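Structure (structure tokens):
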């Protein structure tokens, strides 16, 4: 990968390899986001029709070997099992960003890291202030801190906004850092009583996983069974089982060696991401988003301190935190914003980051375990807060849609048909020679047409 220029502006043009990686990653996440949106809608319809009893029966049905401590409900399997795949991909993304992406350069990493941190602290503070004033439980402070990149991209796909690649990359980097801190929150604040024997077994399994990778051992039939054993031990240890997925993702090598088109981490991510985005996360949403929606429950969302704190945290806290953190960081580091963009674009992106779905629902379940009613109310608050944030973001993005479309078209322009956008070939002499040949051919065509028109005019064939 071409290293970032030390003078590169904030939200400036990405290097070509980074642009291609971001485009591929976000393409998969966008499809997954549409499936996620569909799964959430199906869950809400299923839970609010005469079929609601069947929804509860399927969601609460237990399956699994009790002797191994894994007799879990379908909802539990989705939250602890399938989301481990999601966090495995998140671990690979984080590792790649640290060694080859935006986070590999401390100067380039400063803004998205500060923005993500502020975008998590501000919603938590908003929640604590609202629940403190209203006398509610502070246990859900972490619920509005997460951003769902897949759902955000699904919103972009629905409203048809063609964001420039730099804005999309900033959103993706925000989400990666956001996932990292969400993982830390889950590990530190939502770990139950520890079973040190199981935890030690998981640690041994992870060490073996790392050793096999370093020895260059290949074969899914080696790693998949080992990953399942590590996951089962991690679940029984009392540490949330998704941490196993993150740990294994971070162990993969994501730096390319000479002659490699893709690193092992990038290759595995390419294989697993569709499974995560297209199956694991939508299935989790199907069995977590199904909450009963009534007039009273909607009223409760805006009157109970816990649920109001979640809504305001997602809608207000996220937007102010990310925008404010980014502006202050740029102000004090003297980072210059890309000339083609403006601070309202950052505000729109910050508002879009208020869509907190997958991880917010998971943390909501963990924060209020034992109180099924409040858990469902908090889930409803996550859905409503995410919807409000999506509407506000759509309005802000639509106000600048012509600018985005023009920038996106310029990024995609490939007049010489080389397969590489022209803006990445401006320093290549061969590109200019190809363009000269193209224009010379066009000029010759126009000369022939001019001569033909002149002959036609001399013969009196021109129209009256």
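Residue numbers (our numbering): 2 to 465. Heads up, the beta-carbon is just placed ideally off N, CA and C, and yes, glycines get one too. Computed from a predicted structure; not experimentally measured.
Under DSSP, the beta-bridge partners assigned to residue 74 are 63.
When rounded, the separation of the alpha-carbon atoms in residue 393 and residue 353 is 8 Å. Residue pairing by DSSP places residue 11 opposite 338 in a beta bridge.
For the pair residue 152 and residue 391, the CB atoms are nearer than the 9 Å cut-off. When the Cα atoms are used, residue 38 and residue 219 turn out to be separated by approximately 36 Å.
CA-CA distance, residue 141 to residue 259, rounds to 48 Å. Of the candidates 317, 232, 327, 345, the residue whose Cα lies closest to the Cα of residue 357 is 317. The alpha carbon of residue 295 has as its nearest neighbour, out of 34, 48, 359, the alpha carbon of 48. Ranked by how close their Cα comes to the Cα of residue 360, the residues 181, 135, 14 have 181 in first place.
Taking C-beta atoms under 8 Å as the contact rule, residue 253 and residue 284 fail to qualify, at a distance of about 24 Å. For residue 113, the CB contacts under 7 Å within the same chain, skipping 5 residues up- and downstream, are 103, 171, 174, 175, 178 in chain order. With fewer than three CB-CB distances shorter than 8 Å, the region 128 to 140 does not count as touching the region 330 to 350. If you draw a straight line from the Cα of residue 402 to the Cα of residue 199, it comes to about 53 Å.
With respect to the 9 Å criterion, residue 97 and residue 366 are not classified as neighbours on the basis of their beta carbons. Excluding its 5 nearest sequence neighbours in each direction, residue 157 has C-beta neighbours in its own chain below 8 Å: 31, 164, 353, 398, listed in chain order. Counting C-beta pairs closer than 8 Å gives fewer than three between the region 262 to 279 and the region 122 to 131, which falls short of the contact rule. In the structure shown, residue 255 falls within a coil segment according to DSSP collapsed to helix, strand and coil.
Around the CB of residue 314, 16 or more other CB atoms lie within 10 Å, so the residue is classed as buried.
With 16 or more neighbouring CB atoms inside 10 Å of its own CB, residue 405 falls in the buried class. The region 358 to 433 contains, as complete alpha helix (DSSP H) runs of 4+ residues, the segments 359 to 368, 373 to 399, 402 to 413 (chain order). In the DSSP assignment, residue 191 falls outside any alpha helix (DSSP H), carrying neither H nor E. Counting every other CB atom within 10 Å of its CB across the protein chains shown gives residue 289 a total of 16 or more, marking it as buried. In the three-state reduction of the DSSP assignment, residue 142 falls in the coil class, being assigned neither a helical nor a strand state. In the structure shown, residue 106 falls within a coil segment according to DSSP collapsed to helix, strand and coil.
Restricting attention to 420, 384, 438, the CA atom closest to the CA of residue 144 is found in 384. If only uninterrupted alpha helix (DSSP H) runs of at least 4 residues are considered, those enclosed by the region 88 to 135 are 107 to 135.
Listed in chain order, the non-local C-beta contacts of residue 56 below 7 Å within the same chain comprise 47, 48, 291, local neighbours out to five positions each way being set aside. Only buried fits residue 319, as 16 or more other CB atoms lie within 10 angstroms of its CB.
Excluding the 5 residues flanking it on each side, residue 168 has same chain C-beta neighbours closer than 7 Å at 12, 346, 350, in chain order. When DSSP states are grouped into helix, strand and coil, residue 271 belongs to the helix group. Where residue 150 is concerned, the enclosing alpha helix (DSSP H) starts and stops at 150 to 160. When DSSP states are grouped into helix, strand and coil, residue 21 belongs to the helix group. The C-alpha of residue 325 is placed about 9 Å away from the C-alpha of residue 120.
Collapsing the DSSP output to three states places residue 186 in a helix.
Judged by pairs of C-beta atoms under 8 Å, the region 302 to 312 does not touch the region 66 to 74, as fewer than three such pairs exist. Taking a contact as a CB-CB distance under 8 Å, the pair residue 86 and residue 269 does not count as one, their CB atoms being some 12 Å apart.
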